[in-house]
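Following: one structure in structure tokens, then a few remarks.
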Amino acid sequence: MIVQPIDIRPSIDGIMDIKNTFKITTINVSGLNTTLKQEQVLNYMKINKISCLIVTETKLQTASAKMIYKDYKDITTWWSCDDDNHFSTGVGIIMNNDYAKYVIKKDIIEGRALKLTLLLKGKIRFTIIAIYNFSNNSYKDEILEFYTKLEEILTTEKKLKAQIVCIGDFNASYDTAIAQQKANRKIFWKDYIFQILKKNIMIDINLP
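Residues in the sequence shown are numbered from 1035 upward in steps of one, following our numbering.
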């Protein structure tokens, strides 16, 4: 997970008047088309007390995504689908309604990214960008176009003084990119996503 160097712990005069920590994580579900898998995802959230879960590689089409979890009253979901290529795409955000009520805007990059904007107490703009990057490097033009769109989003959010979390499957090698930088070598084109994030003052907070 990549974030700006900020403290997002809730407090009365800070981000939220909610007395528990905002816990956000991501999981690659390799398809979310069965009832069993859908129930397992919710159980995972409950057991680990996750407030916001990003699910990648959902392999869902728009029509089916709209039906998932529609009868659950304590969560809200958002989906980014590519109906023409759904077997290798898809991003979703599942959020506890204690936090979902703060969402004011949704933007998508079809099948690859989903951005939620929350307006929190204290007029704090909090942006979650969920990503599922291409795993196949043969889509170079599409990947670079995706990076351009991502950079535009980050630039816009920075101008709006948003606090940003960028999370998901980048399908690129952070360790390799860092090693190449330290050796003063040109990084692999697909790893450029980390240059974009660094340029926008994002830091890696992946936990072991």
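We put the CB at the ideal spot given by N, CA and C, even for glycine.
Exercise for the section: With DSSP collapsed to three states, give me the class of residue 1161. Expected result: For the purposes of this step, residue 1161 is taken as the residue at position 127 of the sequence shown. Three-state result, residue 1161: strand.
Practice task
Could you tell me which uninterrupted alpha helix (DSSP H) segments, each at least 4 residues in length, are contained entirely in the stretch 1107-1175, listed from first to last along the chain?
Solution key: 1131-1134
Exercise for the section: Excluding the 5 residues preceding and the 5 following residue 1100 in the sequence, name in chain order all residues of the same chain whose CB lies nearer than 8 angstroms to its CB. Expected result: For the purposes of this step, residue 1100 is identified with residue 66 of the sequence shown, where counting begins at 1. The residues are 1113.
Exercise for the section: Just tell me which of 1183, 1108 and 1223 has its CA closest to the CA of residue 1172. Expected result: Within the sequence shown, residue 1172 is the residue found at index 138, counting from 1. The shortest Cα separation from residue 1172 among 1183, 1108 and 1223 belongs to 1223.
Handout entry: Residue burial classification, residue 1134 (beta-carbon count within 10 angstroms, cutoff 16)
Key = For the purposes of this step, residue 1134 is taken as the residue at position 100 of the sequence shown. With 16 or more other Cβ atoms within 10 Å, it is buried.
Problem - Cα-Cα separation, residue 1106 to residue 1218 - result: What you label residue 1106 is simply residue 72 of the sequence shown in a count that begins at 1. What you label residue 1218 is simply residue 184 of the sequence shown in a count that begins at 1. Using only the alpha carbons, I get a separation of about 51 angstroms.
Practice task
Report buried or exposed for residue 1038, applying the criterion of at least 16 other Cβ atoms within 10 angstroms of its Cβ.
Solution key: Translated into positions along the sequence shown, residue 1038 becomes position 4. Because the pLDDT of residue 1038 is 44, which lies under 50, any placement of that residue in the model is unreliable, and the number read from its coordinates should be weighed accordingly. With 16 or more Cβ atoms within 10 Å of its Cβ, residue 1038 is classed as buried.
Practice task
State yes or no: is the C-beta of residue 1127 within less than 8 angstroms of the C-beta of residue 1162?
Solution key: Along the sequence shown, one-based indexing puts residue 1127 at 93. Along the sequence shown, one-based indexing puts residue 1162 at 128. Their beta carbons are under 8 angstroms apart, which means residue 1127 touches residue 1162 by this criterion.
Practice task
Indicate whether the contact test is met: 3 or more Cβ pairs, each with one atom in the stretch 1201-1210 and one in the stretch 1085-1097, closer than 8 angstroms.
Solution key: yes
Handout entry: 4-residue-minimum alpha helix (DSSP H) runs that sit fully inside the stretch 1170-1234, ordered along the chain
Key = 1174-1193, 1208-1216 and 1226-1233
Practice task
Measure the C-alpha to C-alpha separation of residue 1149 and residue 1184 and round it to an integer number of angstroms.
Solution key: One-based indexing of the sequence shown puts residue 1149 at position 115. One-based indexing of the sequence shown puts residue 1184 at position 150. Computed Cα separation, rounded: 10 angstroms.
Problem - Residues near residue 1040 in its chain [Cβ-Cβ closer than 8 angstroms; skip 5 each side] - result: One-based indexing of the sequence shown puts residue 1040 at position 6. Any reading at residue 1040 must be qualified, since the residue scores a pLDDT of 38, below 50, and its modelled position is unreliable; the value itself is stated next. Closer than 8 angstroms at Cβ, skipping near neighbours: 1197.
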